[in-house]
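Position 303 of the sequence shown, counted from 1, bears residue number 302 in numbering that gives the first Met the number 0, the numbering being contiguous throughout. One structure is given here, and the rest of the page talks about it.
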Amino acid sequence: MKKYILGIFAVAVVASCVSKQERAMKSADKNLILKTANENFAKKKWKNALALYDRLPNLVAGTDDAPNVVFNSAYANYYDKNFRLAGNQFKNFAISFPQDKRKEEASYMSALCYYEGSMDYNLDQSTTQSAINELQDFLNNYPNSERSKNINTLVDELSYKLEFKAYENARQYFKMGEYKAANTALENVLDDFPSTKLRPKIYDYIVKSRYELATKSVYDLKDERIESALAFTRQVEKEMPNTDVAKTALDIRQKLEKEKKDFVVVKKQTEARIAALTERQKKQVAQAAEKNKTEQQMKDQIDAEKKAMQIQRDSAALQTPPPAATFKIQR
Numbered sequence: 000m001k002k003y004i005l006g007i008f009a010v011a012v013v014a015s016c017v018s019k020q021e022r023a024m025k026s027a028d029k030n031l032i033l034k035t036a037n038e039n040f041a042k043k044k045w046k047n048a049l050a051l052y053d054r055l056p057n058l059v060a061g062t063d064d065a066p067n068v069v070f071n072s073a074y075a076n077y078y079d080k081n082f083r084l085a086g087n088q089f090k091n092f093a094i095s096f097p098q099d100k101r102k103e104e105a106s107y108m109s110a111l112c113y114y115e116g117s118m119d120y121n122l123d124q125s126t127t128q129s130a131i132n133e134l135q136d137f138l139n140n141y142p143n144s145e146r147s148k149n150i151n152t153l154v155d156e157l158s159y160k161l162e163f164k165a166y167e168n169a170r171q172y173f174k175m176g177e178y179k180a181a182n183t184a185l186e187n188v189l190d191d192f193p194s195t196k197l198r199p200k201i202y203d204y205i206v207k208s209r210y211e212l213a214t215k216s217v218y219d220l221k222d223e224r225i226e227s228a229l230a231f232t233r234q235v236e237k238e239m240p241n242t243d244v245a246k247t248a249l250d251i252r253q254k255l256e257k258e259k260k261d262f263v264v265v266k267k268q269t270e271a272r273i274a275a276l277t278e279r280q281k282k283q284v285a286q287a288a289e290k291n292k293t294e295q296q297m298k299d300q301i302d303a304e305k306k307a308m309q310i311q312r313d314s315a316a317l318q319t320p321p322p323a324a325t326f327k328i329q330r
């Protein structure tokens with residue numbers, strides 16, 4: 000019987016709440032809507048509170064209730080995980096009510112909403128960059144605020160997300176065998192984030208990329224790429240002694256030294272073949288030139304003989320007298 004009574008009471012309470020929410024939603028009474036919205040807010044019924052707060056801006060415009068409606072609506076959206084909307088509302092609050100004592104809190108919450116709205120590293124990071132900018136703006140505007148104490152931590156966290164995305168993108172080039180692109184992309188990460196915590200991993204992939212690039216290089220670039228890879232292994236050992244990446248660099252340097260020696264042999268053999276081929280080509284060119292010279296001499300001799308013969312014929316024609324005159328006998 001007791002359970003039955005409690006059940007009826009619970010149903011009655013729910014029915015009362017529902018009917019009150021419905022009455023407020025259908026009502027044009029500002030006070031009823033505001034009261035019900037605030038009750039829902041206090042009970043953490045964010046969606047119900049937001050449904051009513053959305054009806055209030057025009058009703059409370061220019062009144063003392065206006066700041067509270069905007070402020071509570073922003074928090075309700077924040078707790079309901081509508082971070083982008085909440086961030087805009089907090090920012091608008093700080094701009095619209097500059098004299099309100101909650102302006103600093105609203106500015107902080109706006110920045111925090113941007114932070115919460117930052118996407119995972121493998122997605123578009125424009126929201127992350129926006130969040131960093133908002134947090135930095137708060138730090139600049141309120142450097143002595145108690146709320147500023149954790150700002151640098153949040154900025155570092157977001158910056159690491161950007162670093163990691165750039166690092167992962169560069170690492171994909173390595174996985175695809177695009178070693179030149181991987182090396183360039185990894186160096187860009189170091190340029191863009193000089194204080195990155197990922198430096199050991201980046202160095203490791205740069206060493207491996209340069210090794211692969213050197214060993215698989217075309218002939219004309221092989222010397223240069225071997226020397227570049229060797230130089231970087233020394234840099235790694237100097238900057239990060241007694242680390243795993245330094246051990247990897249040492250191992251790769253030993254392989255590169257062997258590759259360099261082998262290439263010296265290959266280069267000598269190649270140069271010898273090139274020299275022999277060049278000599279053969281010179282001989283062939285000389286022979287062709289000699290042949291052309293001989294042919295030209297023969298042609299010139301034939302032309303000279305023809306010319307001499309023509310001169311003789313012309314001379315004979317001049318020396319031969321014309322025939323005697325003849326008379327025709329008339330019949």
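Beta carbons are placed, not taken as given, at the ideal position from N, Cα and C, and that holds for glycine. Being a predicted model, the structure only gives us computed values, none of them experimental.
Span separating the alpha-carbon of residue i from that of residue j
| i | j | result |
| --- | --- | --- |
| A184 | A165 | 8 Å |
| K282 | N291 | 14 Å |
| V284 | A303 | 28 Å |
| K34 | K25 | 14 Å |
| D53 | N67 | 13 Å |
| Q311 | K305 | 10 Å |
| E226 | K160 | 34 Å |
| A110 | S72 | 16 Å |
| V13 | L197 | Low confidence applies to V13: its pLDDT is 47, below 50, so where it sits in the model is not reliable, and the reading given next is rough at best. Whole-angstrom Cα-Cα distance: 55 Å. |
| A274 | L189 | 45 Å |
| E223 | I251 | 16 Å |
| F163 | L31 | 51 Å |
| K90 | D79 | 18 Å |
| Q295 | I301 | 10 Å |
| T62 | L55 | 11 Å |
| K260 | A213 | 13 Å |
| W45 | F192 | 40 Å |
| N149 | N140 | 15 Å |
Spatial neighbours of residue i in its chain, beta-carbon cut-off 6 Å, leaving aside the 5 residues before and after
| i | result |
| --- | --- |
| D313 | none |
| S106 | A93, F137 |
| A23 | L31, I32, T35, L51 |
| V333 | No statement about residue 333 is possible, as the shown extent of the chain runs from 0 to 330 and does not include it. |
| R146 | Y107 |
Simplified DSSP assignment, three categories, for residue i
| i | result |
| --- | --- |
| L52 | According to the sequence shown, residue 52 is Tyr rather than Leu. The answer is helix: DSSP assigns Y52 an H, G or I state. |
| E294 | helix |
| R101 | coil |
| V217 | coil |
| Y74 | helix |
| Y113 | helix |
| K44 | coil |
| P142 | coil |
| S26 | coil |
| Q280 | helix |
| A60 | coil |
| Q128 | helix |
| L134 | helix |
| M118 | coil |
| D250 | helix |
| T232 | helix |
| D123 | coil |
| T269 | helix |
| D79 | coil |
| S194 | coil |
First and last residue of the uninterrupted alpha helix (DSSP H) at residue i
| i | result |
| --- | --- |
| N168 | 150-174 |
| M239 | Note, M239: premise wrong, no alpha helix (DSSP H); not H, not E. |
| M204 | The sequence shown places Tyr at residue 204, rather than the Met named in the question. That run of the alpha helix (DSSP H) goes 198-214. |
| V188 | 178-191 |
| T35 | 29-41 |
| R83 | 82-95 |
Close beta carbons around residue i, own chain, < 7 Å, minus the five adjacent residues each side
| i | result |
| --- | --- |
| V235 | Y202, V206, V244, A245, A248 |
| N331 | Residue numbering for the chain in the displayed model covers 0 to 330; residue 331 lies beyond these limits and cannot be assessed. |
Short Cβ contact (7 Å threshold) for residue i with residue j
| i | j | result |
| --- | --- | --- |
| A130 | S117 | yes |
| Y178 | E211 | yes |
| K29 | L51 | no |
| K221 | F262 | yes |
| Q20 | N47 | yes |
| C112 | F70 | no |
| N241 | S208 | no |
| L157 | T127 | yes |
Contacting residues, own chain, Cβ-Cβ under 8 Å from residue i (five flanking each side not counted)
| i | result |
| --- | --- |
| T232 | V206, A248, L249, I251, R252, L255 |
| A287 | none |
| N187 | A165, A169 |
| T269 | Y218 |
is_contact[residue i, chain B] using C-beta, thresh 7 Å
| i | result |
| --- | --- |
| T62 | No chain B is part of this structure, which consists of one protein chain only. |
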